[in-house]
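Q: Here it is: the structure, laid out below.
Residue numbers (the working numbering): 57 to 322.
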């Protein structure tokens, strides 16, 4: 079994889902591979923390109220069609039935209002739960971004993309990865994650400031595409510098020229 095959089995190993034979092979590889041991120990606390994530679902009480309401509606529908619409017949008995229906409808209206109020409270609880999950996702992302393994840092970037609105600490960690991570794939993934928040002025400025810090042609071209997509005219100065720098990769200079044309076009 190769290292990559063993690495993919780490979640099943941590969750105890490997067969005895697979577990024996995995642990044999674990003894001979220091990198696999590092990967396992880095992911173990994260895996344990994932078990603490709450499920975003309505409470049992809300579900019970829904089914009770559905039962009430179905019962009312059966009564309505019983007796060939007898409650609409003229006369005193029909009038009584119509009055009873009016009272019932009024009561249902009051009940619906109360249910709506309770549903609003339930929505607030779900919103609070969602906020807690977002916070936990941010913590997991920060933990993984600080690991020695490039694979773990890539996982950290992936977790950061699941955060709706990252705080300043998570943004700083992504920018640090973009500007200083030794792994090009981590840099590119960090850029992809940051582009999700390019409506923020601070993010757009950070992308522009990152251009002169990059040496990889892949990251340089990706950054050019990012600032053009964000319509960030403040990047024009840096793009023109790339165009004139003879030491810059020819494909990067060409892409920088394309970026200047896009940003200056009417």
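Where a beta carbon is used, it is the ideal one built from N, C-alpha and C, also for glycine.
For residue 259, I'd like the list of residues in its chain whose CB is within less than 8 Å of its CB, leaving aside the five on either flank, ordered along the chain.
A: Start at 1 with the first residue of the chain shown, and residue 259 comes out as number 203. Same-chain partners within the cutoff: 227, 250, 253.
Q: Report the three-state DSSP secondary structure of residue 235 (helix, strand or coil).
A: Taking the chain shown and counting its residues from 1, the one referred to as residue 235 is at position 179. Reduced to three states, the DSSP call for residue 235 is helix.
Q: When you compare the CB positions of residue 200 and residue 208, do they come within less than 7 Å of one another, or not?
A: Working through the chain shown from its first residue, we reach residue 200 at position 144. Working through the chain shown from its first residue, we reach residue 208 at position 152. Contact: yes.
Q: Does the distance from the C-beta atom of residue 193 to that of residue 218 stay below 7 Å?
A: Locating residue 193 in the chain shown gives position 137, where the first residue counts as 1. Locating residue 218 in the chain shown gives position 162, where the first residue counts as 1. Result yes, Cβ atoms of residue 193 and residue 218 sit closer than 7 Å.
Q: In chain order, what residues of the same chain lie with their CB nearer than 6 Å to the CB of residue 286, ignoring the 5 residues before and after it?
A: Taking the chain shown and counting its residues from 1, one reaches residue 286 at position 230. Here the set comprises 254, 260.
Q: Identify whether residue 82 lies in helix, strand or coil by the three-state DSSP scheme.
A: Position 26 of the chain shown holds residue 82. Three-state result, residue 82: helix.
Q: Whose C-alpha, out of 271, 245, 205, is nearest the C-alpha of residue 98?
A: Here the question's residue 98 lines up with position 42 in the chain shown. Closest by alpha carbon: 205.
Q: Give a yes or no on whether the C-beta atoms belonging to residue 291 and residue 264 are separated by under 7 Å.
A: Translated into positions along the chain shown, residue 291 becomes position 235. Translated into positions along the chain shown, residue 264 becomes position 208. Yes, the Cβ-Cβ distance between residue 291 and residue 264 is below 7 Å.
Q: Assign residue 315 to one of two classes, buried (16 or more other C-beta atoms within 10 Å of its C-beta) or exposed (fewer than that).
A: By 1-based counting over the chain shown, the position of residue 315 is 259. Residue 315 is buried by the Cβ-count criterion.
Q: Rounded to a whole number of angstroms, what is the C-alpha to C-alpha distance between residue 304 and residue 80?
A: Against the chain shown, residue 304 aligns to sequence position 248. Against the chain shown, residue 80 aligns to sequence position 24. Answer to the nearest angstrom: the Cα atoms are 51 Å apart.
Q: In the DSSP assignment, find the alpha helix (DSSP H) that holds residue 259 and state where it starts and stops.
A: As a working mapping, residue 259 is identified with position 203 in the chain shown. Looking at the DSSP string, the run of the alpha helix (DSSP H) that includes residue 259 is 257-266.
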